[in-house]
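In this note's numbering, the protein residues as written are 14 to 281.
Right, one structure below, let's go through it.
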């Protein structure tokens with residue numbers, strides 16, 4: 014019998030060095046036995062050490078790709094990464110409007126990538142505002158780190174900033190990679206439940222894996238999307254994704270230069 018895999022729509026940026034972005038999404042979702050339909054929203058010029066240039070895809074091309082895929086697939090989840098421009102974010106918002114109208118319970122996961130992991134902007138203030146006004150209200154879960162959380166809300170207190178975003182509807186998972194407890198060798202991921210969702214706030218204390226890594230946010234958010242596409246709840250998907258990313262970091266490999274790359278190509 015042919016096997017049916019859940020289809021996950023991914024809209025994200027291309028990192029030609031292969032460390033992060035849409036390649037990380039494809040590898041992660043493939044490892045989790047999902048079919049990834051990847052749509053590139055922003056092309057970049059970067060190597061393993063630095064982002065040199067970023068060029069958003071033309072919004073009309075992005076729109077045509079999304080309309081074509083929507084007509085062909087029944088998606089089980091949507092994962093969003095760097096969108097590149099306010100114009101592209103508006104196109105994505107219209108796509109989410111159509112997709113959620115047909116499937117109100119679909120999981121939509123946003124990793125609000127505003128900077129490359131090694132520096133360099135991937136969006137401006139108009140993009141940030143469009144995310145807040147038009148994209149985030151359609152999301153089930155957003156996964157900002159603390160700098161992204163502050164940039165999006167202007168709120169210096171992470172708990173207050175998470176509540177501010179959750180009032181727009183989605184649950185907010187604040188990832189702790191930028192606020193590590195080196196004394197205990199841990200980081201904390203904190204979940205605030207969205208205003209229109211059931212559940213309760215939770216915290217997870219994660220043991221650190223030594224080293225500096227590339228594309229961890231992409232990997233983590235895609236793993237959550239993959240598990241939710243398979244029918245797991247937000248909290249169960251987060252727990253399984255944390256286990257998944259720990260394995261990828263423990264097996265991470267080194268390129269000629271730059272940060273280590275999580276080994277995403279394995280069956281968990």
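Yeah, the Cβ is synthetic: ideal placement off N, Cα and C, and Gly gets one too.
CB contact flag (residue 228, residue 278, <9 Å): Against a cut-off of 9 Å, the Cβ pair of residue 278 and residue 228 comes out as no contact.
Could you give the distance in angstroms between the alpha-carbon of residue 82 and the alpha-carbon of residue 252? Here the alpha carbons of residue 252 and residue 82 stand approximately 30 Å from one another.
Identity of the residues DSSP links to residue 49 by a beta bridge: For residue 49, DSSP records a beta bridge to 21.
How many Å lie between residue 201 and residue 60 at the Cα? About 30 Å.
Are residue 72 and residue 104 closer than 9 Å when you measure CB to CB? Residue 72 places its beta carbon less than 9 Å from that of residue 104.
I think residue 34 touches residue 94, with their Cβ atoms under 8 Å apart; what is that distance to the nearest whole Å? Under the criterion of beta carbons closer than 8 Å, residue 34 and residue 94 qualify as touching, at roughly 7 Å.
Just to confirm my understanding: we take residue 225, look at its own chain, exclude 5 residues before and 5 after, and list those with CB closer than 6 Å. What are they? Excluding five sequence positions before and after residue 225, the CB atoms of its chain that fall closer than 6 Å to its own CB belong to 272, given in chain order.
With residue 214 and residue 90 assumed to form a contact (beta carbons below 8 Å), what rounded beta-carbon distance in angstroms separates them? Not confirmed; about 23 Å, so no contact.
Within 10 angstroms of its Cβ, does residue 2 collect 16 or more other Cβ (buried), or is it exposed? Look at the range of the chain in this structure, 14 to 281, and you will see that residue 2 is not part of it.
Straight-line gap, residue 242 to residue 270 (C-alpha atoms, nearest Å): So the alpha carbons of these two residues sit roughly 35 Å apart.
Does the segment 63-70 come into contact with the segment 106-114, if we say contact requires no fewer than three beta-carbon pairs (one atom in each stretch) closer than 8 Å? Three or more Cβ pairs closer than 8 Å define a contact, and the segment 63-70 falls short of that threshold against the segment 106-114.
Go to residue 260, then tell me how far its alpha helix (DSSP H) extends in each direction, as first and last residue. Looking at the DSSP string, the run of the alpha helix (DSSP H) that includes residue 260 is 247-263.
DSSP three-state assignment for residue 214, whether helix, strand or coil: DSSP places residue 214 outside both helix and strand once states are collapsed to three, so it counts as coil.
Using DSSP with H/G/I as helix, E/B as strand and the rest coil, what is residue 244? Correct three-state label for residue 244: coil.
Which same chain residues end up closer than 6 Å to residue 281 when comparing Cβ atoms and leaving out the 5 residues on each side of it in sequence? Since pLDDT at residue 281 reaches only 49, below the 50 mark, its modelled position is unreliable, and the value read off the structure follows with that caveat. If you ignore the 5 residues before and after residue 281, its C-beta comes within less than 6 Å of the C-beta of 257, all in its own chain and listed in chain order.
Residues bridged to residue 188 by DSSP? Under the DSSP definition of a beta bridge, residue 188 partners with 158.
Taking the alpha carbon of residue 40 as the reference point, which residue from 245, 17, 233 and 249 has its own alpha carbon closest? Taking the Cα of residue 40 as reference, the smallest distance to any Cα among 245, 17, 233 and 249 is reached at 233.
According to DSSP, is residue 233 part of a helix, a strand, or is it coil? Residue 233: helix per DSSP, three-state reduction.
Check this for me: beta carbons of residue 203 and residue 175, under 9 Å apart or not? Cβ distance < 9 Å, so residue 203 and residue 175 count as in contact.
Proximity of residue 52 and residue 79 at Cβ, strictly below 9 Å: Taking the C-beta atoms as reference points, residue 79 is found nearer than 9 Å to residue 52.
Would you check if the distance between the CB atom of residue 123 and the CB atom of residue 74 is smaller than 9 Å? In terms of Cβ geometry, residue 123 and residue 74 do not form a close pair [threshold 9 Å].
Exposed or buried, residue 223, counting other C-beta atoms within 10 Å across all chains shown (16 or more means buried)? Counting every other CB atom within 10 Å of its CB across the protein chains shown gives residue 223 a total below 16, marking it as exposed.
Here's the rule: buried if 16 or more other CB atoms are within 10 angstroms of the residue's CB, otherwise exposed. What is residue 21? Per the 10 Å Cβ criterion, buried.
Where does residue 153 sit, in a helix, a strand or coil, going by DSSP? The DSSP-derived three-state label of residue 153 is coil.
Whole-angstrom distance between residue 118 and residue 261, CA atom to CA atom: Approximately 29 Å, taken between the alpha carbons.
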